[in-house]
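Residue numbering for the sequence shown is 227 to 338, as defined by the numbering used here. We treat Cβ as the ideally placed atom computed from N, Cα and C, and that holds for glycine. Everything numeric in this text was worked out from a predicted model, so none of it was measured.
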Amino acid sequence: DAGASESQDVCGTSPRSGVKFSYLGRPCGYVFRRGDIAWNCRTCQSDPTCVLCERCFRESDHEGHEVLFHRTSPGGCCDCGDLEAWRRGGMCGRHRPPEEPKEEAAETGGTG
227 DAGASESQDV CGTSPRSGVK FSYLGRPCGY VFRRGDIAWN CRTCQSDPTC
277 VLCERCFRES DHEGHEVLFH RTSPGGCCDC GDLEAWRRGG MCGRHRPPEE
327 PKEEAAETGG TG
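Structural data, given as C-alpha cells:
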C-alpha cells in the first residue's frame with residue numbers, strides 16, 4: 227500500500243493531507259541543518275537566540291511584528307511550543323500549549 231508510509235514534514239506531521247493539525251503535546255524541537263531558514267520575531271521571542279523553523283513560522287501569526295530570518299549552520303532547534311523561549315501567541319497551533327484556567331490551577335494547586 228503506497229499510502230501506508232506517508233512522509234512527514236520537519237515537525238512530524240503529514241504534509242498536504244488536508245487535515246488541520248491540533249496540539250501535539252510537545253514543543254517542535256526540529257534540529258536545524260546547514261542552510262535551513264530560522265525565523266526571529268523580536269515581538270515574540272524571549273531573546274535573540276529563540277527561533278522558529280520555517281513551517282512553524284508560516285503557520286503562526288506575526289502580522290505587524292518585527293521579524294527577520296537567517297540561514298542556519300547545523301545545530302540549534304526550533305523553539306515553537308517552549309513557553310520560556312516564545313510568547314504563546316506567536317506559536318503555531320501544533321505546538322502552542324493550551325492555556326490552563328487560572329482559577330482551576332489555584333484551586334487544585336494547594337490541595338493534597
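Below-9 Å beta-carbon distance, residue i vs any chain D residue
{"i": "Arg314", "result": "The structure shown contains no chain D; it holds only a single protein chain."}
Backbone secondary structure at residue i - three-state DSSP
{"i": "Cys282", "result": "helix"}
{"i": "Arg297", "result": "strand"}
{"i": "Ala230", "result": "Its pLDDT being 39, under 50, Ala230 is placed unreliably in this model, and the coordinates cannot settle the point."}
Rounded Cβ spacing between residue i and residue j (contact assumed at less than 8 Å)
{"i": "Glu292", "j": "Thr275", "result": "No, Glu292 and Thr275 are not in contact; Cβ-Cβ is about 16 Å, not under 8 Å."}
{"i": "Cys282", "j": "Cys306", "result": "4 Å"}
9 Å Cβ cutoff met for residue i and residue j
{"i": "Val257", "j": "Gly319", "result": "no"}
{"i": "Tyr249", "j": "Arg313", "result": "no"}
{"i": "Ser272", "j": "Met317", "result": "no"}
{"i": "Arg252", "j": "Pro300", "result": "no"}
Same chain, Cβ closer than 7 Å to residue i, neighbours up to 5 away in sequence not counted
{"i": "Ile263", "result": "Glu280, Phe295 and Arg297"}
{"i": "Glu310", "result": "Ser272"}
{"i": "Cys304", "result": "Cys254, Gly255, Tyr256, Val277, Leu278, Cys279 and Cys282"}
Close beta carbons around residue i, own chain, < 6 Å, minus the five adjacent residues each side
{"i": "Asp308", "result": "Pro253"}
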